[in-house]
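Worksheet: one structure, shown below.
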Amino acid sequence: MSHSTSLKPATARPSSALSGSVRIPGDKSISHRSFLFGGLASGETRISGLLEGEDILATGEAMKAMGAVIRKSGGEWIIHGTGNGCLLEPERELDFGNAGTGVRLTMGLTGVYDMETRFTGDASLVKRPMGRVLDPLRLMGVQVGAAEGDRLPLTLRGPRTANPISYRVPMPSAQVKSAVLLAGLNTPGVTTVIEPVMTRDHTEKMLAGFGAELEVETDGDGVRHIRIEGQGRLSGQTIAVPGDPSSTAFPLVAALIVPGSDVTIENVLMNPTRSGLITTLLEMGGSIEITNERQAGGEDVADLRVRASDLKGVTVPADRAPAMIDEYPVLAVAASFAEGETMMPGLDELRVKESDRLAAVARGLEINGVDCSEGEDWLSVRGKPGGKGLGAASREAVVATHLDHRIAMSFLVMGLAAEHGTKVDDAAIIATSFPEFMELMAGLGAEIEAAE
1 MSHSTSLKPA TARPSSALSG SVRIPGDKSI SHRSFLFGGL ASGETRISGL LEGEDILATG
61 EAMKAMGAVI RKSGGEWIIH GTGNGCLLEP ERELDFGNAG TGVRLTMGLT GVYDMETRFT
121 GDASLVKRPM GRVLDPLRLM GVQVGAAEGD RLPLTLRGPR TANPISYRVP MPSAQVKSAV
181 LLAGLNTPGV TTVIEPVMTR DHTEKMLAGF GAELEVETDG DGVRHIRIEG QGRLSGQTIA
241 VPGDPSSTAF PLVAALIVPG SDVTIENVLM NPTRSGLITT LLEMGGSIEI TNERQAGGED
301 VADLRVRASD LKGVTVPADR APAMIDEYPV LAVAASFAEG ETMMPGLDEL RVKESDRLAA
361 VARGLEINGV DCSEGEDWLS VRGKPGGKGL GAASREAVVA THLDHRIAMS FLVMGLAAEH
421 GTKVDDAAII ATSFPEFMEL MAGLGAEIEA AE
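The UniProt record's numbering puts the first residue of the sequence shown at 1, with every later residue one more than the last.
This is the structure:
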């Protein structure tokens, strides 16, 4: 993919008050699963509001390579699925670009098939460990041929008949949980995932919506037991994808830190497993008004009115991390403008994202004059209200994004309120998850410029 070979630097400058209304593109997690489940189900699935980023389209291409028919008609995506258990062996290697969610979930889906499936990705994805997904697949009888450290490129060879397992997820991970549940779809008997800490639950909700025989039980200790009956029928569905809360985070934080801003963000997914950032920003004193609360496609959705606010530092509970793990980079940016210290523990998962996201955030903050400290699984930020002295005070102060879209967007948001603006080494990578970012932010009045 082009973003792996050519960097496109960008600059953000201090901006006047942001204003207006924006509608956030479709949720990334639900978009991935819409292509996966629609491609697997019998009959027709119609999807509106799909996030058309590179990551999602890579998942769609993988499903097409295994027999699903996928096309776009107007604003809808129409899928004719293969039927559960009827995926075809792909003739070529499946290239997922930068899509960590797409590749891990597809490994779960295809690994238990009696066929060979090959996976690869871009320069960032091939560095990311896949063992947490491969370990339960091995227990189900899948043979794995992988690069050192269970990394891409890798090949999965499924057994003649997979073994159902009961698997206790060793860390909070929606990707691991989902991969095991998807493997259970084509495995005889009952596959069980035991989840001590609840993570985003889109897979459970959507599988049930497609007709899977699935039950969720929470025991007296709060541990979730998710059971799925294998080899059942999935039926095509009509899906309206709500707005992505992780993408919402960028105009949300921008509106809080740019003086005088008043922005309305429409159609935001408000699933409790995804709303940790909003909870935290409210605790910091953020003016966020939740309006027009409603249901769409089985999920809670609302609009947010966000106004510039004087933020105060807080300690974020470590057990909130699963509900906002992708939002910590932009939370660190918000904390840079808050009075006092913001402490963020429980961040070990950030070490294995698109980049070592924890280190990337800390280095980016330091380059832009922010007083911060980094530990193995924590970050502390001591803010400067008003952003005095923050930003790219020299030509060399350029944030290294490490092919990580969220690092790029977070530090461009910082530049809108920092005294000296900010610079990032690559904005092309943003297309993996939020291709409309530049246009959407410009429409609110943000001064962001990318190199041609």
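Backbone N, C-alpha and C define an ideal beta-carbon position, used for all residues, glycine too.
On the three-state DSSP scale, how would you describe residue i?
i: Glu213; result: coil
i: Thr161; result: coil
i: Asp55; result: helix
i: Pro259; result: coil
i: Met1; result: Note that Met1 scores a pLDDT of 38, beneath 50, so its modelled location is shaky; the value from the coordinates is reported in the next line. In this structure, Met1 counts as coil in the three-state DSSP scheme.
i: Lys177; result: helix
i: Phe337; result: coil
i: Ala99; result: coil
i: Pro272; result: helix
i: Ile194; result: strand
i: Ala208; result: helix
i: Tyr113; result: coil
i: Ile70; result: strand
i: Arg23; result: strand
i: His202; result: helix
i: Ser394; result: coil
i: Glu91; result: coil
i: Arg151; result: strand
i: Phe411; result: helix
i: Val314; result: coil
i: Arg294; result: strand
i: Gly243; result: strand
i: Met343; result: strand
i: Ala400; result: coil
i: Ala104; result: First, the residue type needs correcting, since residue 104 is Arg and not Ala in the sequence shown. Looking at Arg104 - three-state DSSP - the assignment turns out to be helix.
Closest by CA to residue i, which one among the options?
i: Tyr328; options: Phe411, Glu439, Lys177, Lys384; result: Phe411
i: Ser235; options: Glu148, Gly83, Asn163, Pro317; result: Gly83
i: Pro322; options: Asn292, Val413, Lys177, Lys312; result: Lys177
i: Leu154; options: Met107, Gly313, Leu214; result: Met107
i: Ala99; options: Ala446, Ala417, Gly232, Leu403; result: Leu403
i: Gly209; options: Ala427, Ala335, Ile30; result: Ile30
i: Gly43; options: Gln237, Glu439, Gly243; result: Gln237
i: Gly387; options: Lys28, Met409, Val333, Glu439; result: Val333
i: Lys127; options: Met344, Thr273, Arg351; result: Arg351
Does the separation of the CB atoms of residue i and residue j fall below 8 angstroms?
i: Leu152; j: Gly111; result: no
i: residue 512; j: Ile430; result: No answer is possible for residue 512: the residues shown for the chain start at 1 and end at 452.
i: Ile325; j: Glu349; result: yes
i: Gly189; j: Gly230; result: yes
i: Gly415; j: Arg132; result: no
i: Thr199; j: Ser173; result: yes
i: Gly53; j: Ser433; result: yes
i: Val263; j: Ser19; result: yes
i: Glu341; j: Ser309; result: no
i: Val103; j: Gly121; result: yes
i: Val413; j: Val330; result: yes
i: Ala450; j: Lys8; result: yes
i: Val22; j: Pro251; result: yes
i: Val216; j: Gly243; result: no
i: Ala62; j: Ala427; result: no
i: Val241; j: Gly26; result: yes
i: Gly38; j: Ile79; result: yes
i: residue 453; j: Gly383; result: Given a span of 1 to 452 for the chain in the structure shown, any question on residue 453 remains unanswerable.
i: Thr45; j: Ile239; result: yes
i: Met284; j: Leu311; result: yes
Looking at the unbroken alpha helix (DSSP H) that takes in residue i, where does it start and where does it end?
i: Ser48; result: That residue, Ser48, is in no alpha helix (DSSP H); its beta strand (DSSP E) goes 44-48.
i: Lys353; result: Run containing Lys353: none; DSSP gives neither H nor E here.
i: Leu440; result: 437-444
i: Lys384; result: No alpha helix (DSSP H) contains Lys384, which DSSP labels as neither H nor E.
i: Ala321; result: Here Ala321 belongs to no alpha helix (DSSP H), and DSSP marks it neither H nor E.
i: Ser34; result: 28-40
Would you verify that the beta carbon of residue i is, or is not, closer than 8 angstroms to some beta carbon of chain C?
i: Met171; result: The structure shown contains no chain C; it is built from a single protein chain.
Between which two residues does the beta strand (DSSP E) containing residue i stretch?
i: Ala302; result: 299-307
i: Gly145; result: 143-147
i: Leu137; result: Segment 131-139 is the alpha helix (DSSP H) holding Leu137; no beta strand (DSSP E) there.
i: Arg168; result: 166-168
i: Asp371; result: 371-374
i: His225; result: 224-229
i: Glu447; result: 447-450
i: His420; result: Here His420 belongs to no beta strand (DSSP E), and DSSP marks it neither H nor E.
> Counting Cβ pairs, one atom from each stretch, are 3 or more of them under 8 angstroms apart for the segment 57-69 and the segment 158-172?
Replying inline: The segment 57-69 makes no contact with the segment 158-172, as fewer than three CB pairs between them are under 8 angstroms.
> Taking contact to mean at least 3 C-beta pairs separated by less than 8 angstroms, is the segment 367-387 in contact with the segment 288-303?
Replying inline: Because the criterion of three Cβ pairs below 8 angstroms is not met, the segment 367-387 and the segment 288-303 do not touch.
> Is the segment 302-316 touching the segment 282-291 in the sense that three or more CB pairs, one from each, lie closer than 8 angstroms?
Replying inline: With contact defined as three or more Cβ pairs closer than 8 angstroms, the segment 282-291 and the segment 302-316 are in contact.
>> Contact between the segment 117-135 and the segment 90-105 is defined here as three or more beta-carbon pairs at a separation below 8 angstroms; is this criterion met?
In response: Yes: the two stretches touch, three or more of their Cβ pairs being nearer than 8 angstroms.
>> For the structure I just gave you, are there three or more beta carbon pairs, one from the segment 59-78 and one from the segment 167-184, closer than 8 angstroms?
In response: Flag = no, the segment 59-78 and the segment 167-184 do not touch.
> For the 8 angstroms Cβ check, are there 3 or more pairs between the segment 218-232 and the segment 251-262?
Replying inline: With contact defined as three or more Cβ pairs closer than 8 angstroms, the segment 218-232 and the segment 251-262 are not in contact.
> Is there contact here, the segment 380-399 with the segment 420-429, by at least three beta-carbon pairs under 8 angstroms?
Replying inline: Contact holds: three or more Cβ-Cβ distances are below 8 angstroms.
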